[in-house]
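Following my numbering from start to finish, the sequence shown increments by one per residue and tops out at 427. Think of the CB as a built atom: it goes at the ideal place given N, C-alpha and C, for glycine as much as any other residue. Please read all numbers here as calculations on a predicted model, not as lab measurements. Working notes, structure below.
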Amino acid sequence: MKIADQWFRDILGLLYQRRTATRGEIIHSTGLNPACVSLTIQHLLKSGTIQCVGERRSTGGRKREVLKLNSEAGYFVVVDLEGTRVRVGLADFLGNIRYRWEEEIDLRQQYDVRRVLKGVEMIRRSLEGPARRRLIAAGVSYTGLMDQQGRVTAVNLGWKDYPLRRSIEESLAMPVFYANDGHCKILAERWGGVAENCPNCVYILAGVGIGIGCFVDGHLLEGHDGMAGELGHLTMNHSPGDRCNCGKTGCLEAIVSSPNIVRQYLELSGRPAEDPRGHPVTEVFAMAREGDSDALAVMDRAGRALGLALSHLVNILNPQLIVLGGDLIHGHDLLLSIIREELARHCAPKLADHLILRVSSLGHDGGLKGAAALAFLNSSQDRALLRRMTGPAPPEDSPGEGRTKEPLTVKLKIGGLRRKKKGLITS
Ligand SMILES: [Zn+2]
Numbered sequence: 001m002k003i004a005d006q007w008f009r010d011i012l013g014l015l016y017q018r019r020t021a022t023r024g025e026i027i028h029s030t031g032l033n034p035a036c037v038s039l040t041i042q043h044l045l046k047s048g049t050i051q052c053v054g055e056r057r058s059t060g061g062r063k064r065e066v067l068k069l070n071s072e073a074g075y076f077v078v079v080d081l082e083g084t085r086v087r088v089g090l091a092d093f094l095g096n097i098r099y100r101w102e103e104e105i106d107l108r109q110q111y112d113v114r115r116v117l118k119g120v121e122m123i124r125r126s127l128e129g130p131a132r133r134r135l136i137a138a139g140v141s142y143t144g145l146m147d148q149q150g151r152v153t154a155v156n157l158g159w160k161d162y163p164l165r166r167s168i169e170e171s172l173a174m175p176v177f178y179a180n181d182g183h184c185k186i187l188a189e190r191w192g193g194v195a196e197n198c199p200n201c202v203y204i205l206a207g208v209g210i211g212i213g214c215f216v217d218g219h220l221l222e223g224h225d226g227m228a229g230e231l232g233h234l235t236m237n238h239s240p241g242d243r244c245n246c247g248k249t250g251c252l253e254a255i256v257s258s259p260n261i262v263r264q265y266l267e268l269s270g271r272p273a274e275d276p277r278g279h280p281v282t283e284v285f286a287m288a289r290e291g292d293s294d295a296l297a298v299m300d301r302a303g304r305a306l307g308l309a310l311s312h313l314v315n316i317l318n319p320q321l322i323v324l325g326g327d328l329i330h331g332h333d334l335l336l337s338i339i340r341e342e343l344a345r346h347c348a349p350k351l352a353d354h355l356i357l358r359v360s361s362l363g364h365d366g367g368l369k370g371a372a373a374l375a376f377l378n379s380s381q382d383r384a385l386l387r388r389m390t391g392p393a394p395p396e397d398s399p400g401e402g403r404t405k406e407p408l409t410v411k412l413k414i415g416g417l418r419r420k421k422k423g424l425i426t427s
């Protein structure tokens, strides 16, 4: 019997999400025939893609092997092009970040993405020969909006139609998968964060900009062009003072993003001419905690605007969980109760009753971990890469980055199991 690609995908996807599973659990969760599961597991154990890490005994005394992905079965280069810094890392097959390189962005200059090459080179050098041959693909988390040609507009990186895809392709001779930061963050939270296995959840990335990532009924919400979730540009009011990077006024981002919280504080405290970039947002949080009335007023306005915007999202998507991430988590003690109040006030009756609001626990690696999940899930959808993920280790004399010589770039195609609706993913 020949092993179908889909059996590999189902089993790898399940082990990626659940970390460990017995043969019986795999059969139950995937709905695959027991003989197909046995054959596929046998192959994956032999190739070293998965490992048996223990056993569980049932009440009848039967032993059940506990299976897990082998962390050394493959590696991914992961890149996080965040608003204020750029991080490059090496993720193992389980998504653990094994190596990091990062640099701060000079906000006065356009960031040249070819600089990440330096980080990628250091990663390559950190890998021993056999591991280097197991580099499979790269995942890139970017801030801003990407068009069909792979050009990104991101004000914080000084990019307007910046040819990100072309520049990355010139730098990385391996398949590359892209998703915006909100989408990557929710992938990371769902896999190993506070949203683990939650089918209906929203991640709100509130920092230099505002972005979101949404899982709806177990599918990542991508939208027609992969741009779903521009919550930051919901118009909240038309006050001419709240000018947004997008060119409009009154956007959520113009009220709630960290530079705008600082801006409003400087304006209220009579220092409108100062550059908000000279003050970290945590200064405003500290002033509010000390009872400074201007700082408290700004935090109140930001919390209410964010709560109102989230209530629109809750009314539409009915999530079980909202995860707050980005710079604003450092002010969560000031914001969460206000957000909860606004959710209770503006959500349709009962929609907010069981809604959980939590703070992200992923820290600085969230973007890299999301890029790792993106690369893993997409690679398993690609036939050639699936072969690499499930095949034996490449021989000693195989060339550099292994079996892929031609750069192959695929825009956000996160796969999971793309079965039900176009444009949505399952994990
Ligand atoms: Zn805007």
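Handout entry: residue 218 to residue 199 span [Cα, whole Å]
Key = 4 angstroms
Exercise for the section: Please list, in chain order, all residues of the same chain as residue 71 whose beta carbon is under 8 angstroms from its beta carbon, the five residues on each side excluded. Expected result: 92, 93, 94 and 96
Practice task
Run through the segment 22-107 for me and flag every whole alpha helix (DSSP H) of 4 or more residues, listed as ranges in chain order.
Solution key: 23-30 and 34-47
Exercise for the section: Return the CA-CA distance between residue 297 and residue 255, expressed in angstroms with no decimal places. Expected result: Per the coordinates, the alpha-carbon of residue 297 lies some 12 angstroms from the alpha-carbon of residue 255.
Practice task
If I'm right that residue 338 touches residue 387 with Cβ under 8 angstroms, what's the distance once you round it to whole angstroms?
Solution key: Contact flag wrong, Cβ pair sits at about 52 angstroms.
Handout entry: Same chain only: Cβ atoms within 7 angstroms of residue 359, ignoring 5 sequence neighbours per side
Key = 324, 329 and 332
Exercise for the section: May I have the straight-line CA-CA distance separating residue 371 from residue 14, to the nearest angstrom? Expected result: 18 angstroms
Problem - Any non-hydrogen atom of ligand 1 within 7 angstroms of residue 248 CB - result: yes
Handout entry: Sheet register partners of residue 455 (DSSP bridge)
Key = Limits of the chain in this structure are 1 at one end and 427 at the other, which puts residue 455 out of reach.
Exercise for the section: Report the residue from 121, 69 and 88 whose alpha carbon sits nearest the alpha carbon of residue 78. Expected result: 88
Practice task
Give me the Cα-Cα distance between residue 277 and residue 166, rounded to the nearest whole angstrom.
Solution key: The straight-line gap separating the alpha-carbon atoms of residue 277 and residue 166 is approximately 30 angstroms.
Handout entry: beta-carbon residue 232 near ligand 1 non-hydrogen atom, thresh 7 angstroms
Key = Yes, since a heavy atom of ligand 1 falls inside the 7 angstroms radius drawn around the Cβ of residue 232.
Problem - residue 401 (DSSP reduced to helix, strand or coil) - result: Because the pLDDT of residue 401 is 43, which lies under 50, any placement of that residue in the model is unreliable, and the question is left without a value.
Problem - Where residue 248 sits in the DSSP three-state scheme - result: coil
Handout entry: Three-state class that DSSP yields for residue 300 in the structure shown
Key = helix
Practice task
Enumerate in chain order the residues of its own chain whose CB-to-CB distance from residue 35 is below 8 angstroms, with the five nearest sequence positions on each side excluded.
Solution key: 1
Exercise for the section: Work out the CA separation of residue 3 and residue 39 for me, nearest whole Å. Expected result: 7 angstroms
Practice task
Would you list the one or two residues that DSSP bridges to residue 178?
Solution key: 140
Practice task
Assign residue 214 to one of three DSSP states: helix, strand, or coil.
Solution key: strand
Problem - Any non-hydrogen atom of ligand 1 within 7 angstroms of residue 254 CB - result: yes
Handout entry: For residue 284, the nearest candidate out of 310, 313, 25 and 261 (CA to CA)
Key = 261
Practice task
May I ask whether a heavy atom of ligand 1 can be found less than 7 angstroms away from the beta carbon of residue 347?
Solution key: no
Handout entry: Pick from 207, 274, 230 and 197 that is closest to residue 281, judged by C-alpha positions
Key = 207
Problem - Sufficient close CB pairs (3 or more, under 8 angstroms) joining the segment 230-237 to the segment 302-321 - result: yes
Handout entry: Where the alpha helix (DSSP H) containing residue 377 begins and where it ends
Key = 366-381
Handout entry: Residue span of the alpha helix (DSSP H) that contains residue 203, given as start and end
Key = Run containing residue 203: none in the alpha helix (DSSP H); it sits in the beta strand (DSSP E), 201-206.
Handout entry: With 16 other Cβ atoms within 10 Å as the buried cut-off, status of residue 384
Key = Its Cβ having fewer than 16 others within 10 Å, residue 384 is exposed.
Handout entry: Near ligand 1: residue 251 beta-carbon under 7 angstroms from a heavy atom
Key = yes
Handout entry: Nearest-angstrom Cα separation, counted from residue 6 out to residue 341
Key = 46 angstroms
Practice task
Report the rounded CA-to-CA distance for residue 146 versus residue 171, giving the unit in angstroms.
Solution key: Cα to Cα, residue 146 sits roughly 18 angstroms from residue 171.
Practice task
Give a single yes or no on whether residue 244 has its beta carbon closer than 7 angstroms to a heavy atom of ligand 1.
Solution key: Because some heavy atom of ligand 1 lies under 7 angstroms away, the Cβ of residue 244 counts as near it: yes.
Problem - Whole beta strand (DSSP E) elements within the segment 217-282, 3-residue minimum - result: If we require 3 residues or more, the beta strand (DSSP E) runs fully inside the segment 217-282 come out as 219-221.
Exercise for the section: Measure the Cβ-Cβ separation of residue 50 and residue 37 and say whether it is below 8 angstroms. Expected result: No. Outside cutoff.
Problem - DSSP state of residue 160 mapped onto helix, strand, coil - result: strand
Practice task
For the beta strand (DSSP E) holding residue 154, just list the boundary residues, first then last.
Solution key: 152-154
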